[in-house]
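Report on the structure given below.
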Amino acid sequence: MVPRLKRPLKVPFLLKEDFMVYQNQRGTYDAFDEEALNIENVVETLKDIVKFYGYNPIHTPLYEQTELFARTSGESSDIVTKEMFTFIDKGGRNITLRPEVTAGVIRAIVNNKLYATKDLPLKYYYYGPTFRYERPSKGRYRQFNQFGVECVGVNSYLSDVETISLGFNALQTLGFENIVLKINTLGDEESRKNYQVALREFFKDKIQNMCDDCKRRYETNVLRILDCKDPEDQEIIKDAPKMKDYLNENSKEYFTKVISLLDEQQIPYEIDDNLVRGLDYYSHVVFEYHYYLKDGTSIGAIGAGGHYDNLVSEIGGPALSSVGFAIGIERVNTLLKELMPESLEKTSLDVYIIHMGEETLQTSFILMQELRNNCFKVDMCLENKSLGQQFKIANRKNAKFALIIGENEMKSYVYPVKNLKTTVQEEVDYHDLIDYLTNKIVFEEEEEC
Ligand code: HAM
0 MVPRLKRPLK VPFLLKEDFM VYQNQRGTYD AFDEEALNIE NVVETLKDIV KFYGYNPIHT
60 PLYEQTELFA RTSGESSDIV TKEMFTFIDK GGRNITLRPE VTAGVIRAIV NNKLYATKDL
120 PLKYYYYGPT FRYERPSKGR YRQFNQFGVE CVGVNSYLSD VETISLGFNA LQTLGFENIV
180 LKINTLGDEE SRKNYQVALR EFFKDKIQNM CDDCKRRYET NVLRILDCKD PEDQEIIKDA
240 PKMKDYLNEN SKEYFTKVIS LLDEQQIPYE IDDNLVRGLD YYSHVVFEYH YYLKDGTSIG
300 AIGAGGHYDN LVSEIGGPAL SSVGFAIGIE RVNTLLKELM PESLEKTSLD VYIIHMGEET
360 LQTSFILMQE LRNNCFKVDM CLENKSLGQQ FKIANRKNAK FALIIGENEM KSYVYPVKNL
420 KTTVQEEVDY HDLIDYLTNK IVFEEEEEC
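Take the sequence shown: its letter number 175 is residue 174 in numbering that gives the first Met the number 0, and every next letter is one higher.
In structure tokens form, the structure reads like this:
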């Protein structure tokens, strides 16, 4: 029994005193039919592609102890300072819904000692919900899905290029032709330390005029000031020292090799000196995939990642260089809907069985099951309905064929099969039905393609 409300809530939606319409939470969404189907198609396509690169799936929990994310994302990151869904569970544990998947994957690798029992590099892909308490906007949710890969335990620029091109090819396969790949290097630890000193010096007498986030970042991680989106701060940031001028020989050589191999592979990129990423675990190469709407606006990166050297050792494993990225499925879906609506699949059926009268219901049902067992997508109305109503449903469900069963058909085993697109109707013997449908649906459709 829902407790009675003494006075209306601010957003009441109250129909009766004790009845309330529940809304989904801010920053979340419901997806169904076409929308859900297309999200699934995107994920299936991505899974198919990463398997060509030798990746296997990994499943990790949606929540972990808060300390894992605080430590790996960085105490000063926006994710940790503002965006985590954190709670104390009934056992008094401090828990956080994962704001990203990488940390959980690495924790699983360390806990299960996968680096000791399997060949390196470990190559895992994942898909699932992630949670960030952000201000919702187009392409920005509080619960969203990431599809990502982590290649753990190889210290070679080749694996960085392999991973960057995997993301690029995957997005191209989804239909994105003009991907803007932004790339930068954060160098190794020594280079980064020198750069941080230079940045601190540069911002020393400017920071008091910058936004509160920048002030906080100046104290905790000065590099992240470069990520500030405030237009006034950006005016200051554009004159800041550049990472490329603080790279030691080793870091310079590493980045040059990555860039030349991207050139060799004809993968277009833009070097973005201010790309530092919002997570603290990166070193050397970082990258983001962007795509622009027709009006030139962006809904943010559709995917992003980078190289990381210390994450595995940070949480108790050996030092293993790694690289990975994650693609935001909602952003991909939003872009596909806006830019390529014609490429989206509609929900459909191969056959809708139309029955005529109570006596034909069971025969129709048995035939439907038989066709399903032969890999056709089939449905029918499980109650008596008029012929007209059933044809309307068949059309609304995008059925390719209507198979009609009346009392005569039941006796003769010959059924009228109507192509609902062309309206051509043919009589098909029960024994020829599977071959007939296979020819029409599988082979003729392939020819159309
Ligand atoms: P990230 O850049 O924080 O990286 O997120 C990856 C992608 O998730 C973004 O490029 C974006 O498409 C999507 N995304 C992020 N926040 C939201 C949001 N609020 N709503 C919708 N989509 C969002 C990571 O998470 C790293 N773990 C990637 C990585 C893997 N680096 C190495 N390995």
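Quick reminder that beta carbons are idealized off the backbone N, C-alpha and C, glycines included.
With 16 as the cutoff for other CB atoms within 10 Å, does THR101 come out buried or exposed?
Within the sequence shown, the letter at position 102 stands for residue 101. Per the 10 Å Cβ criterion, buried.
Keeping to the same chain, check which residues put their C-beta closer than 6 Å to that of GLU133; ignore five residues upstream and five downstream.
Locating residue 133 in the sequence shown gives position 134, where the first residue counts as 1. Taken in chain order, the residues that qualify are GLU82, ARG139.
Checking 7 Å against the spacing of the C-beta atoms, do VAL257 and TYR351 come in under that value?
Taking the first residue of the sequence shown as position 1, residue 257 is located at position 258. Taking the first residue of the sequence shown as position 1, residue 351 is located at position 352. No, Cβ-Cβ distance for VAL257 and TYR351 is not below 7 Å.
Using the C-alpha atoms, what's the distance from LEU67 back to LYS228?
Against the sequence shown, residue 228 aligns to sequence position 229. Against the sequence shown, residue 67 aligns to sequence position 68. For LYS228 and LEU67, the distance between alpha carbons rounds to 28 Å.
Can you check DSSP and say which residues form a bridge with ALA303?
Locating residue 303 in the sequence shown gives position 304, counting from the first residue. The partner list for ALA303 (beta bridge, DSSP) reads GLU287, ALA325.
On the three-state DSSP scale, how would you describe ASN193?
Walking along the sequence shown from the start, residue 193 turns up at place 194. Note: ASN193 maps to helix in three-state DSSP.
Quick check on DSSP: helix, strand or coil for ILE182?
In the sequence shown, counting from the first residue as 1, residue 182 sits at position 183. ILE182 falls in the strand class under three-state DSSP.
Excluding the 5 residues flanking GLU344 on each side, which residues of the same chain have their C-beta closer than 7 Å to its C-beta?
Position 345 of the sequence shown, counting from 1, holds the residue named residue 344. So the list reads LEU36, ASN37, ASN40, once near-sequence residues are dropped.
Any heavy atom of the ligand HAM closer than 6 Å to the Cβ of GLU161?
Residue mapping note: residue 161 aligns to position 162 of the sequence shown, counting from 1. The answer is no for GLU161.
Report buried or exposed for ALA69, applying the criterion of at least 16 other Cβ atoms within 10 angstroms of its Cβ.
Along the sequence shown, read from residue 1 onward, the residue named residue 69 stands at position 70. It counts as buried.
Taking the alpha carbon of ARG395 as the point to measure from, which residue in ASP226, ASN193, THR346 has its own alpha carbon closest?
On the sequence shown, residue 395 is found 396 positions in, with the first residue counted as 1. When only C-alpha atoms are compared, the closest one is THR346.
Could you check what DSSP says for GLY147 in three-state terms: helix, strand or coil?
Residue numbering aside, residue 147 sits at position 148 when the sequence shown is read from its first letter. GLY147 falls in the strand class under three-state DSSP.
For TYR288 versus ILE301, is the C-beta distance shorter than 7 Å?
Residue mapping note: residue 288 aligns to position 289 of the sequence shown, counting from 1. Residue mapping note: residue 301 aligns to position 302 of the sequence shown, counting from 1. Contact flag set, yes.
If you follow the alpha helix (DSSP H) that PRO230 is in, where does it begin and where does it stop?
Here residue 230 refers to the residue found at position 231 when the sequence shown is read from its first residue. PRO230 -> alpha helix (DSSP H) spans 230-236.
Of the choices ASP294, PHE286, THR296, LEU278, whose alpha-carbon is the least far from that of LEU310?
Residue numbering aside, residue 310 sits at position 311 when the sequence shown is read from its first letter. For the residues ASP294, PHE286, THR296, LEU278, the minimum Cα distance to LEU310 belongs to LEU278.
Quick one: is CYS213 buried, meaning 16 or more other Cβ sit within 10 Å of its Cβ, or exposed?
Counted from its first residue, the sequence shown places residue 213 at position 214. The residue is buried, with at least 16 neighbouring Cβ atoms inside 10 Å.
Hey, would you say the C-beta of TYR291 is under 6 Å away from at least one heavy atom of the ligand HAM?
Numbered from its first residue, the sequence shown carries residue 291 at position 292. Flag unset: Cβ of TYR291 not near the ligand HAM.
Using DSSP's beta-bridge definition, name the partner residues of THR85.
One-based indexing of the sequence shown puts residue 85 at position 86. THR85 is bridged to THR95.
What are the start and end residues of the beta strand (DSSP E) that includes MET379?
Taking the first residue of the sequence shown as 1, we reach residue 379 at position 380. Looking at the DSSP string, the run of the beta strand (DSSP E) that includes MET379 is 377-379.
In whole angstroms, what is the alpha-carbon distance linking ASN373 and ILE433?
Looking up residue 373 in the sequence shown gives position 374. Looking up residue 433 in the sequence shown gives position 434. The straight-line gap from Cα to Cα measures roughly 8 Å.
Under 8 Å Cβ to Cβ from PHE375, same chain only, skipping five residues before and after it: list those, please.
Looking up residue 375 in the sequence shown gives position 376. So the list reads ASP349, VAL350, LEU436, ILE440, once near-sequence residues are dropped.
If we ignore side chains and look at the alpha-carbon of each, how far apart do GLU382 and LEU360 end up?
In the sequence shown, counting from the first residue as 1, residue 382 sits at position 383. In the sequence shown, counting from the first residue as 1, residue 360 sits at position 361. C-alpha separation (whole angstroms): 8 Å.
Helix, strand or coil: how does DSSP classify SER297 here?
Along the sequence shown, read from residue 1 onward, the residue named residue 297 stands at position 298. It is a strand residue.
Please state whether DSSP places VAL1 in a helix, a strand or coil.
For the purposes of this step, residue 1 is taken as the residue at position 2 of the sequence shown. Residue placement at VAL1 cannot be trusted, given a pLDDT of 49 that sits under 50; the coordinates are not used to answer.
Tell me whether the segment 231-244 and the segment 261-269 touch, counting them as touching only if at least three CB pairs, one residue from each stretch, are closer than 8 Å.
The segment 231-244, when compared against the segment 261-269, does not touch it at the 8 Å Cβ threshold.
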